[in-house]
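Just so you know, the protein sequences line up as chains U and F, in that order. Residue numbers 1 to 329, in the UniProt record's numbering, belong to the letters of the first sequence in order. Residue numbers 1 to 329, in the UniProt record's numbering, belong to the letters of the second sequence in order. Where a beta carbon is used, it is the ideal one built from N, C-alpha and C, also for glycine. Here the structure comes first, spelled out in C-alpha cells, and everything after it is commentary.
Protein chains: 2
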Amino acid sequence: MANIHQVAMLAGVSVATVSRVLNQQETVTAKTRIKVEEAIKKLNYEPNLLGRNLRTSESRILLILIPSISNPFYTEIIKGIETTALSQHYNILLCETDSNPERENIYYDLVRKKMADGIISMDPAVNIETLIKLAQTHSIIQCSEYAEDSGIPYVTINNEEAAYRAVKHLVKLGHERIAIINSDEKFLYARQRLAGYKRALAEHGINPRDSYSLYTHQLGFDYGKQAMKKILKLEEKPTAVFAVSDLLAIGALKEINQSGLNVPDDIAVVGFDNIDFSNMTNPTLTTISQPMYKMGSIAAEMLIDKIKGKTVESITLDHELITRESTSG
Amino acid sequence: MANIHQVAMLAGVSVATVSRVLNQQETVTAKTRIKVEEAIKKLNYEPNLLGRNLRTSESRILLILIPSISNPFYTEIIKGIETTALSQHYNILLCETDSNPERENIYYDLVRKKMADGIISMDPAVNIETLIKLAQTHSIIQCSEYAEDSGIPYVTINNEEAAYRAVKHLVKLGHERIAIINSDEKFLYARQRLAGYKRALAEHGINPRDSYSLYTHQLGFDYGKQAMKKILKLEEKPTAVFAVSDLLAIGALKEINQSGLNVPDDIAVVGFDNIDFSNMTNPTLTTISQPMYKMGSIAAEMLIDKIKGKTVESITLDHELITRESTSG
DNA sequence: AACAGTTATGTAATCCATTACATTAATACC
DNA sequence: GGTATTAATGTAATGGATTACATAACTGTT
Numbered sequence: 001m002a003n004i005h006q007v008a009m010l011a012g013v014s015v016a017t018v019s020r021v022l023n024q025q026e027t028v029t030a031k032t033r034i035k036v037e038e039a040i041k042k043l044n045y046e047p048n049l050l051g052r053n054l055r056t057s058e059s060r061i062l063l064i065l066i067p068s069i070s071n072p073f074y075t076e077i078i079k080g081i082e083t084t085a086l087s088q089h090y091n092i093l094l095c096e097t098d099s100n101p102e103r104e105n106i107y108y109d110l111v112r113k114k115m116a117d118g119i120i121s122m123d124p125a126v127n128i129e130t131l132i133k134l135a136q137t138h139s140i141i142q143c144s145e146y147a148e149d150s151g152i153p154y155v156t157i158n159n160e161e162a163a164y165r166a167v168k169h170l171v172k173l174g175h176e177r178i179a180i181i182n183s184d185e186k187f188l189y190a191r192q193r194l195a196g197y198k199r200a201l202a203e204h205g206i207n208p209r210d211s212y213s214l215y216t217h218q219l220g221f222d223y224g225k226q227a228m229k230k231i232l233k234l235e236e237k238p239t240a241v242f243a244v245s246d247l248l249a250i251g252a253l254k255e256i257n258q259s260g261l262n263v264p265d266d267i268a269v270v271g272f273d274n275i276d277f278s279n280m281t282n283p284t285l286t287t288i289s290q291p292m293y294k295m296g297s298i299a300a301e302m303l304i305d306k307i308k309g310k311t312v313e314s315i316t317l318d319h320e321l322i323t324r325e326s327t328s329g
Numbered sequence: 001m002a003n004i005h006q007v008a009m010l011a012g013v014s015v016a017t018v019s020r021v022l023n024q025q026e027t028v029t030a031k032t033r034i035k036v037e038e039a040i041k042k043l044n045y046e047p048n049l050l051g052r053n054l055r056t057s058e059s060r061i062l063l064i065l066i067p068s069i070s071n072p073f074y075t076e077i078i079k080g081i082e083t084t085a086l087s088q089h090y091n092i093l094l095c096e097t098d099s100n101p102e103r104e105n106i107y108y109d110l111v112r113k114k115m116a117d118g119i120i121s122m123d124p125a126v127n128i129e130t131l132i133k134l135a136q137t138h139s140i141i142q143c144s145e146y147a148e149d150s151g152i153p154y155v156t157i158n159n160e161e162a163a164y165r166a167v168k169h170l171v172k173l174g175h176e177r178i179a180i181i182n183s184d185e186k187f188l189y190a191r192q193r194l195a196g197y198k199r200a201l202a203e204h205g206i207n208p209r210d211s212y213s214l215y216t217h218q219l220g221f222d223y224g225k226q227a228m229k230k231i232l233k234l235e236e237k238p239t240a241v242f243a244v245s246d247l248l249a250i251g252a253l254k255e256i257n258q259s260g261l262n263v264p265d266d267i268a269v270v271g272f273d274n275i276d277f278s279n280m281t282n283p284t285l286t287t288i289s290q291p292m293y294k295m296g297s298i299a300a301e302m303l304i305d306k307i308k309g310k311t312v313e314s315i316t317l318d319h320e321l322i323t324r325e326s327t328s329g
C-alpha cells in the first residue's frame with residue numbers, strides 16, 4: 001500500500017505538495033495538482049487516517065453510549081446523530097453499556113486514549129461522578145437523561161410537563177383512577193414524570209394512591225407486563241394507566257388484552273416516546289412524542305461544537321401528545 | 001497530556017522500557033516496573049491509541065453495515081457482534097447505510113484508509129461488485145444476506161428450508177390458499193424463501209397463484225400493511241399469509257385487524273425472524289426464529305479471524321419454527 | 001577474578017501525514 | 001532588465017507509540 005512519499009516521488013514533488021493537494025489547499029498550481037492526482041490514481045493511494053489523525057490529534061469518532069440498542073427510542077436518536085455526524089465527517093462508535101460500569105469504562109478509555117473525540121451519553125444509569133470528572137478534560141453531551149448542575153450540556157424535553165399533559169388527557173376523558181408505571185426513581189426523568197403525573201391529578205383534586213404507583217427495573221416490554229399483572233390484581237382496578245415508556249405501555253397493553261379486558265373500554269393506556277411500534281399495536285397507543293431524531297441531531301451538533309472549543313448551551317425540545325386508539329373509544 | 005517520553009523521563013528509564021511495561025512484557029524487572037507504574041500514575045498518563053495503532057497498523061475497529069437500525073432483527077445481531085468484539089478488544093463502528101451507495105462508500109473509505117480493520121456487511125442491497133473488489137484487499141464477512149460464490153465468507157441460515165417449514169406448518173393446519181408477502185426478488189433471501197414457499201405448496205399439490213405473491217420494496221411495517229391491503233381486496237382471499245419478515249407480518253396483522261377480520265380465525269399469519277416484538281403483538285406472531293445474537297457473535301469471530309489472517313469457512317446456522325397465536329386458534 | 005552466557009535496558013528507526021518555516025519561482029512595476 | 005512582491009514548492013520537525021538491534025548489567029562457572 002502506497003504512502004505519501006511514494007506519491008510525491010512518482011509525481012516529482014515533495015510530500016508537502018501532495019498533502020496540499022489532499023487537503024484541497026488553493027496554493028497548488030493546476031499542473032502540479034494534476035501530476036499529483038495522476039500519481040495518486042496510478043498508485044491507488046489512500047491517505048492513512050491513523051497517520052493524519054495522530055498528527056492532527058483527532059479521531060473524528062464520536063462515542064454513543066446507550067443502555068440498550070433494543071429500545072427503538074434510542075435507535076431513532078442514533079439515526080439523528082449519525083446523519084448529522086456524517087455531514088460533518090464524523091463517525092459514530094456504538095456502545096451498548098447495558099448499564100454496566102465496566103463496559104462503560106472500556107468506552108471511556110477510548111476517549112481518554114484519543115481514539116474518540118467525544119461522547120454522547122444516553123444512559124440514565126451512568127455513574128455521574130465518573131462522567132463529570134471525564135467531562136472536565138473531554139467533550140461530553142448528555143442526551144435525553146441528564147444531571148442538573150453537572151456542567152455537562154444536555155438536550156432533553158420537559159418531562160414534567162409532558163407527563164402532566166399525558167395524564168391530563170386521561171383526566172379530561174373522565175378517568176379518575178389512574179395508575180402510573182414508572183421506572184426507578186433514581187432516574188431524574190422518572191422523578192420528573194412522576195411529578196407531572198401528580199400535578200395533573202392534584203389539579204383535579206384527585207389523590208394519588210400508593211397502590212397505583214408501580215416501579216420497574218427497566219423499560220422493557222416484560223417489565224410493563226409484570227407491572228400490569230400486579231395492577232390487575234388490585235381490588236379496585238384503575239381505569240387508566242400511564243406508562244413512562246412505550247415499551248412498558250405495550251407490555252401493559254398485552255397483559256390487559258390477555259386478561260380478557262379491553263383497551264380502552266376497560267382500561268385506557270398512555271405511553272411515552274412515540275416509538276414506531278406504538279403505532280403498530282392493536283389498539284394503537286396514545287403517547288407522548290419525543291423528537292428523537294432531532295434530539296440526536298442536536299446532540300451531535302452540540303458535541304461537535306464542544307469538540308471545536310465552542311461553548312454550548314443545554315436545550316429543551318418540544319414534545320407532543322399523540323392521541324390514538326388506546327385512549328379513545 | 002503526558003506522552004511516553006515524559007513517563008520515561010520521570011521514571012528514569014527509556015521509552016522502550018515504558019512501552020514494555022505498557023504491553024505487559026515479562027522482560028522488565030519488578031523494581032523498574034514499579035518505577036514506571038508510579039510515573040504513569042503521577043502523570044496521569046494514558047497511551048495514545050492513534051500513535052500505537054499507526055505503528056501497529058491496526059485500528060481495532062470493526063465496521064458494521066446495516067440497512068436500517070430500526071429493524072430489531074439487526075439490533076439483535078449487533079448485540080452479538082458487540083459482545084464478541086469487545087471480548088477481543090475490538091470496537092464497533094455502526095453504519096446505517098439506508099441502502100445508499102454513497103453512504104456505503106464513505107464507510108468503505110474508512111477501511112481503505114486504515115481507520116477500520118474489517119467489515120461485517122448485512123445490507124442485502126449492497127453493491128456486490130464493489131464489496132467483492134474490496135474483499136480482495138480487506139477483511140469482509142457477510143452476515144444473514146450473502147452472495148454465492150463471491151469468495152466472501154458468510155454466516156446465514158437455510159432460508160429455503162426455513163420458509164418451507166413455515167409454510168408447511170400452515171398447510172398442515174389445513175390452509176390451502178396461502179399468500180406470501182415477499183421483498184424484492186433481487187435479494188437472494190427473497191428468492192430462497194420464495195422457493196421454500198413453493199416447495200411446501202408443491203409437496204401438497206397446491207398451485208401457487210400469482211395474485212398471492214406480493215412484493216414490497218422494504219421490510220418495514222408500512223410495507224406489510226400496504227401489501228395486506230392489496231390482499232384483502234382480492235376476490236378470493238387467502239386464509240393464511242406468510243411474510244418474509246416479522247415487521248411485514250406485523251403490518252399485515254394490523255391491516256387485518258383494522259379491516260375487522262380476525263387473526264388467526266379468518267386469516268392466519270406467519271412471520272420470519274422472531275424479533276422481540278413478534279411476541280408483543282396481539283395476537284402474538286408465529287414465526288421462524290433466527291439465531292440473531294449467535295449470528296452476530298459468529299460473524300464477529302469470523303471477521304477477527306480473517307483480520308488475523310486465518311482462513312474462515314462460511315457457516316449456516318439452525319433456525320426454528322415458533323408457534324404462537326397468529327396461527328393457532 | 002575473568003569470561004561466557006543471560007537478562008534487562010537503551011538507541012534509534014519506523015509507521016504516515018501535517019505544517020511552520022525556508023527557499024525558489026513567477027509576476028509586477030519602474 | 002532589475003528589483004520588489006507575491007505565489008508555489010520544498011525541507012524537516014512533529015505527533016506518539018513499537019520494536020529490531022545494540023549495549024549494558026547481571027549471574028554463574030571455573
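If the cut is a Cβ gap below 9 Å, which residues of chain U does residue i touch?
i, result
"F/LEU54", "ASN48, LEU50, GLY51, ASN53 and LEU54"
Tell me the DSSP bridge mates of residue i?
i, result
"F/PHE242", "F/ILE180 and F/VAL270"
"F/GLN142", "F/SER121 and F/TYR154"
"F/ALA206", "With the sequence shown as reference, residue 206 of chain F is identified as Ile, and Ala is not the correct amino acid for it. F/ILE206 is not bridged to any residue."
"U/THR316", "U/THR156"
Span of the alpha helix (DSSP H) holding residue i?
i, result
"U/GLY118", "Per DSSP, U/GLY118 belongs to no alpha helix (DSSP H); it is in the beta strand (DSSP E), 118-121."
"F/LEU321", "Taken as a continuous stretch (DSSP letters only), F/LEU321 belongs to no alpha helix (DSSP H), being part of the beta strand (DSSP E) at 320-322."
"F/SER326", "Element bounds for F/SER326: n/a, residue is neither H nor E."
"U/VAL155", "Not the alpha helix (DSSP H): U/VAL155 falls in the beta strand (DSSP E), residues 154-157."
"F/THR29", "Where F/THR29 is concerned, there is no enclosing alpha helix (DSSP H), given that its DSSP letter is neither H nor E."
"F/ILE132", "128-137"
"U/SER19", "15-22"
"U/GLY12", "U/GLY12 -> no alpha helix (DSSP H), and no H or E assigned at all."
"F/TYR45", "Premise fails: F/TYR45 is in no alpha helix (DSSP H) and is neither H nor E."
"F/TYR98", "In the sequence as presented, Tyr is not what sits at residue 98 of chain F; that position holds Asp. Element bounds for F/ASP98: n/a, residue is neither H nor E."
"F/SER87", "72-87"
"F/GLY224", "221-232"
Could you give the residue range of the beta strand (DSSP E) that holds residue i?
i, result
"U/ILE61", "61-66"
"U/ILE288", "286-289"
Which one of the options has the shortest CA to CA distance from residue i?
i, options, result
"F/GLY151", "F/HIS138, F/GLU82 and F/PRO208", "F/HIS138"
"F/GLN290", "F/LYS308, F/SER99, F/ASP318 and F/ASP276", "F/ASP318"
"F/ASN158", "F/ARG60, F/GLY196 and F/TYR223", "F/GLY196"
"U/GLU46", "F/GLU38, F/LEU10, F/LYS42 and F/ASP109", "F/ASP109"
"F/ARG165", "F/GLY51, F/GLU82 and F/VAL244", "F/VAL244"
"U/HIS204", "U/LYS168, U/PRO264, U/GLU236 and U/GLN258", "U/LYS168"
"U/ASN274", "U/LEU248, U/ALA30 and U/LEU22", "U/LEU248"
"F/GLN136", "F/ARG112, F/VAL155 and F/ALA125", "F/ARG112"
"U/ASN53", "F/GLY296, F/MET115 and F/ILE267", "F/MET115"
"U/ALA268", "U/LEU234, U/PRO283 and U/SER57", "U/PRO283"
Show which residues of chain U have a CB atom less than 7 Å away from the CB atom of residue i.
i, result
"F/PRO72", "SER70"
"F/GLU38", "Here the premise fails: no neighbours, minimum Cβ distance about 19 Å."
Can you look up residue i in the DSSP assignment and give me helix, strand or coil?
i, result
"U/LEU93", "strand"
"U/SER297", "helix"
"U/TYR215", "strand"
"U/ASN3", "coil"
"F/SER259", "coil"
"U/ILE304", "helix"
"F/ILE106", "helix"
"U/ILE69", "coil"
At a CB-CB cut-off below 8 Å, which residues of chain F make contact with residue i?
i, result
"U/LYS113", "GLU46, PRO47, ASN48 and LEU49"
"U/LYS79", "ILE69, SER70 and GLU96"
Taking C-beta pairs closer than 7 Å, name the residues in chain F that residue i reaches, listed in chain order.
i, result
"U/LYS254", "MET280 and ASN282"
"U/LEU317", "Near U/LEU317 there are no residues of chain F at all, since even the closest Cβ is about 21 Å away, more than 7 Å."
"U/ILE322", "None at all; the shortest Cβ gap to chain F is about 16 Å."
Anything in chain U within Cβ reach of residue i, meaning under 8 Å, just list it in chain order.
i, result
"F/ASP276", "SER70 and PHE221"
"F/ILE92", "LEU93 and LEU94"
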